[in-house]
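Participant: Sharing a structure below in structure tokens format, with a few things to ask.
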Amino acid sequence: MYPTIDLEFITINSFILFNCMGFFLSLFYARRNLLLNNYDHDFFYSIALIAIFSSLFGAKLYFVIENPDYFKTAFLAKFFSLSGSGWYGGFVVTFLTLSIYIKYTNNNLLKVLDILSLSLPIGIIFGRIACFLAGDGCYGVVSHLPWAMDFPNGIIPV
0 MYPTIDLEFI TINSFILFNC MGFFLSLFYA RRNLLLNNYD HDFFYSIALI
50 AIFSSLFGAK LYFVIENPDY FKTAFLAKFF SLSGSGWYGG FVVTFLTLSI
100 YIKYTNNNLL KVLDILSLSL PIGIIFGRIA CFLAGDGCYG VVSHLPWAMD
150 FPNGIIPV
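Residues 0 to 157, numbered by numbering that gives the first Met the number 0, are exactly what the sequence shown covers, in order.
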């Protein structure tokens, strides 16, 4: 597909660009909704930092659990590389860490999670677009239908 976007003066990795857009827009929407519900800026910034770091850690942790043989050599180098992640792990770890933080700050857990849940689909949409543009494996089985797409240079060539 389009793993990079080549402008005359810069080459941009489409996967990173769309994932960053997903993070930014999700956080923007979460901030808006938290402020509309009378939560302060400090609470949002704490939530944002926890969400960013726990989602990245959880996504990588999920990849480690799913692919233990890949990490038998050079664990740290592979763990901190840009490749390999799973949004399920990011979701679970973020949910757990945010739940603990929200309860720790004596806020209404269900209300805050309800407010934050509206921003989750934004991140997922941009993450899926990022995978699609990179052609890296976020697709299904081989299809011979007229509207099927071909990823000959993908991680799994189909």
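Where is the CB? At the ideal position from N, CA and C, for every residue including glycine. Keep in mind the model is a prediction, meaning the values are calculated, not measured.
(1) Could you tell me whether the region 4-17 touches the region 119-137, where touching means 3 or more Cβ pairs closer than 8 Å?
(2) Short of 7 Å in beta carbon distance, which residues of its chain neighbour Asn96, apart from the five on each side in sequence? Order them along the chain.
(3) Could you have a look at Thr3 and say whether DSSP puts it in helix, strand or coil?
(4) For the alpha helix (DSSP H) that contains Ile99, what are its first and last residues?
(5) Tell me the DSSP bridge mates of Thr10?
(6) Could you check whether Gly21 and Gly57 sit closer than 8 Å to each other, using their CB atoms as the reference points?
(7) I need the straight-line Cα distance from Ala147 to Val141, nearest angstrom please.
(8) Between which two residues does the alpha helix (DSSP H) holding Lys110 run?
(9) Does the region 97-114 come within contact of the region 63-77, defined as at least 3 CB pairs closer than 8 Å?
(10) How many whole angstroms separate the CB atoms of Ser45 and Ser118, which I take to be in contact at a CB cut-off of 8 Å?
(11) Give the DSSP-derived three-state secondary structure of Tyr38 in the structure shown.
(12) In whole angstroms, what separates the C-alpha of Gly122 from that of Ser84?
(13) So, under 8 Å CB-CB, Leu55 and Phe43 are touching, yes? Tell me the CB distance rounded to an integer number of Å.
(14) Residues in the same chain with beta-carbon distance under 6 Å from Leu29, minus the five sequence neighbours each way, listed in chain order, please.
Facilitator: This is what the structure holds:
(1) Three or more beta-carbon pairs drawn from the region 4-17 and the region 119-137 are found closer than 8 Å, and the two stretches are therefore classed as touching.
(2) By 1-based counting over the sequence shown, the position of residue 96 is 97. The sequence given here places Thr at residue 96; Asn does not occur at that position. Excluding positions up to five away in sequence, the list reads Ile49, Ser53.
(3) Translated into positions along the sequence shown, residue 3 becomes position 4. In the structure shown, Thr3 sits in a strand (DSSP, three-state: E or B).
(4) Stepping through the sequence shown from its first residue, residue 99 is reached at position 100. From DSSP, the alpha helix (DSSP H) with Ile99 extends over 86-103.
(5) Position 11 of the sequence shown, counted from the start, is the residue given in the question as residue 10. Asp5.
(6) In the sequence shown, residue 57 corresponds to position 58, counting from 1. In the sequence shown, residue 21 corresponds to position 22, counting from 1. It is not a contact, given that the beta carbons lie outside the stated cut-off.
(7) Here residue 147 refers to the residue found at position 148 of the sequence shown. Here residue 141 refers to the residue found at position 142 of the sequence shown. If I take the Cα positions, the gap works out to 8 Å.
(8) As a first step, residue 110 must be located in the sequence shown, where it is residue number 111. For Lys110, the uninterrupted alpha helix (DSSP H) run begins and ends at 108-116, by DSSP.
(9) Taking 8 Å as the limit for Cβ pairs, the verdict is that the region 63-77 does not touch the region 97-114.
(10) Start at 1 with the first residue of the sequence shown, and residue 45 comes out as number 46. Start at 1 with the first residue of the sequence shown, and residue 118 comes out as number 119. 15 Å between Cβ atoms; not a contact.
(11) As a first step, residue 38 is located in the sequence shown; it is residue number 39 there, counting from the start. If DSSP states are grouped into helix, strand and coil, Tyr38 belongs with coil.
(12) Translated into the one-based positions of the sequence shown, residue 122 becomes position 123. Translated into the one-based positions of the sequence shown, residue 84 becomes position 85. For Gly122 and Ser84, the distance between alpha carbons rounds to 14 Å.
(13) The count along the sequence shown starts at 1 and reaches residue 55 at position 56. The count along the sequence shown starts at 1 and reaches residue 43 at position 44. Not a contact, Cβ separation roughly 19 Å.
(14) Start at 1 with the first residue of the sequence shown, and residue 29 comes out as number 30. First, the residue type needs correcting, since residue 29 is Ala and not Leu in the sequence shown. Excluding sequence neighbours, Ala29 sits near Leu115, Ser118.
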